[in-house]
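*Asks:* Start counting the sequence shown at 1; every next residue gets the next number (full-length UniProt numbering).
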Amino acid sequence: MNPTAPAPGAAPLPLLRRGEWTVSQDSAPTAAGLPAVSLAPEVLVRSDARRLRGRTAALPDREGRAAIVRAAWRRFTGGTVRCGGLGPQGPEEFAATLWAGAGLPAALVERWQGMLTDRLDAIVTEPEAPRTAAGRPPLTLVSLPGNTFTCLESVLRAAAAGSALWVRPSTREPFSALRLVAALVEEGWPAELIGCYPTARPVLRALVEVTDRQVLYGGAEVAAEFGDRATATVHGPLRVRAVVAAGAEPASAARQLLELVAGDAGRFCTTVRSILCLDDPEPVAVRLGELLDGIRLAPADPAWPLAASRDAEGAARTAEHVERRIGPADRRFTRRPLLSTAADGSRYLAPTLVGVEPRSGTHPLLGFEPPFPFATVLRATPEQAAALAADGGVTHHIVNHPIGSQR
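(1) Between the region 210-226 and the region 140-149, can you find at least three pairs of beta-carbon atoms closer than 8 Å?
(2) When the Cα atoms are used, what is the spatial distance from W99 to P299?
(3) Hey, out of G19, S24 and R18, whose CA is closest to A11's CA?
(4) Following the continuous beta strand (DSSP E) through A140, name the residue where it begins and the one where it ends.
(5) I'd like to know whether the C-beta of T30 is nearer than 8 Å to at least one C-beta of chain B.
(6) May I ask you to list the residues that DSSP assigns as paired with V244?
(7) If we ignore side chains and look at the alpha-carbon of each, how far apart do G87 and L13 end up?
(8) Could you check which residue in V322, P105 and H235 has the C-alpha nearest to that of V356?
(9) Do you know offhand how far D391's Cα is from A248's?
(10) Should G263 go down as buried or exposed, given a rule of 16 or more other Cβ atoms within 10 Å for buried?
(11) Could you give the distance in angstroms between the alpha-carbon of R119 and the alpha-carbon of A329?
(12) Taking the C-alpha atoms as reference points, what is the distance between V394 and T352?
(13) Taking all protein chains shown into account, do 16 or more other C-beta atoms lie within 10 angstroms of the C-beta of H363, making it buried, or fewer, making it exposed?
(14) Determine, using beta carbons only, whether L297 and S340 come nearer to each other than 8 Å.
(15) By DSSP, does E20 sit in helix, in strand, or in coil?
(16) For C83, which of helix, strand or coil comes out of DSSP?
(17) Buried or exposed for E63, please, with buried defined as at least 16 other CB atoms from any protein chain shown within 10 angstroms of its CB.
(18) For a test of the three-state rule: what should DSSP assign to G355, helix, strand or coil?
(19) Go through its chain and collect everything with a Cβ distance to S405's Cβ below 8 Å, but skip five positions before and after it.
(20) Measure the alpha-carbon distance for P358 versus T77 and round it to whole angstroms.
(21) What distance in whole Å lies between the Cβ atoms of R74 and V81, which are believed to be in contact at a cut-off of 8 Å?
(22) Taking Cβ positions, are P169 and P198 nearer each other than 8 Å?
(23) Kindly list the residues whose CB is nearer than 6 Å to the CB of P283, restricted to its own chain and excluding five residues on each side of it in sequence; keep chain order.
(24) May I have the straight-line CA-CA distance separating R65 from R55, to the nearest angstrom?
(25) State the DSSP-derived secondary structure class of W304, mapped to helix, strand or coil.
(26) Determine the DSSP secondary structure at C151, reduced to helix, strand or coil.
(27) Kindly indicate the opening and closing residues of the alpha helix (DSSP H) around D48.
(28) Quick check on A390: does DSSP put it in helix, strand or coil?
(29) In whole angstroms, what separates the C-alpha of L152 from that of P130?
(30) Span of the alpha helix (DSSP H) holding L339?
(31) Does the distance from the CB of L207 to the CB of V377 come in under 8 Å?
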């Protein structure tokens, strides 16, 4: 029997609060019309935080926490996890839910799980979290993004460090966070010392205010609102670009850039979004455009699996954003339409490379960070490249020898 995702109309995905899975009166639809996700209102968040501070439940010691984290991750990747709204799910059912609900193909799910598995030894040695002034373990909030579940590493690290945990899943992809929270509880984490609190965006501030430490993923808006908070670690836009050296061989440079632009479906904050060429960019751009056009949409490309779009309106807005900002002097080096339909009927934002001519030193597509492989390419002098890199982001230097891994 082929694994299937939960049917539309099923009970909403629950909250975990006060040690129990419960369905809220408020909910938000998930992107693909699967079960809605319960939302925690602000009054509930503040009430639960006050109650938790009066509880005396103890966390396991360091050795016990490490054992729970390891066992929970084994269950997440290879076992059956029971969570309200989804029911018991093994690995195949979970992968089917991520495909139906978030457009993540099984190859990408396996790759991301493998990445976290490889880091597990380091995760369980996370330094002990300092206790609060009242002598209790801190309450740590982890607010997750919807583009990748590899950020669940922050949940595992906070648990290993000895924090009480509140997890705020993305309403676009709540499935992986609920699965990990349920796995932790099933493997022995005290249910009263972990919570799963999906919320509307305005309630995020209340969650930040009632917790001791915060790990926040999000865009420029989250970084602007919480970036100066002493207790918060904010993972916002990273602004990643590549500088192609003068004289770089075009085919070699394009192969190196393919990894940086299309790796992990272009969904990581480390994805290259701007390519600055110190020579004529056309030879490199033409070859990179061909490589991007060669990535198969569906079935998933074995080397470069891409995510399908389950949010039709959001994908249309992203495509319109790009189309409206391509000027008459700009050139598209990829041939597929931004919104493309694969043979199986799934919709994709296809890998896209746009050559731009900056006007007054900038361009509206420079720094654009959508959740798919997208980059701009332009010619720049060494001085211009240095000026564009002065924002403190990450710069990759492309020369005549391979960098990074090649797949």
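Using N, Cα and C, we set each Cβ at its ideal position, and we do this for glycine too.
*Replies:* Once the coordinates are examined:
(1) yes
(2) 12 Å
(3) S24
(4) Residue identity check: residue 140 is Thr in the sequence provided, not Ala. Looking at the DSSP string, the run of the beta strand (DSSP E) that includes T140 is L139 to S143.
(5) In the structure shown, chain B cannot be found, because there is only a single protein chain.
(6) C277 and I398
(7) 10 Å
(8) V322
(9) 25 Å
(10) buried
(11) 45 Å
(12) 21 Å
(13) buried
(14) yes
(15) strand
(16) strand
(17) exposed
(18) strand
(19) A caution first: S405 carries a pLDDT of 36, below 50, which makes its placement in the model too unreliable to give a value.
(20) 46 Å
(21) No, V81 and R74 are not in contact; Cβ-Cβ is about 11 Å, not under 8 Å.
(22) yes
(23) P250
(24) 19 Å
(25) coil
(26) helix
(27) E42 to R53
(28) helix
(29) 21 Å
(30) From DSSP, L339 is part of no alpha helix (DSSP H) but of the beta strand (DSSP E) over L339 to T341.
(31) no
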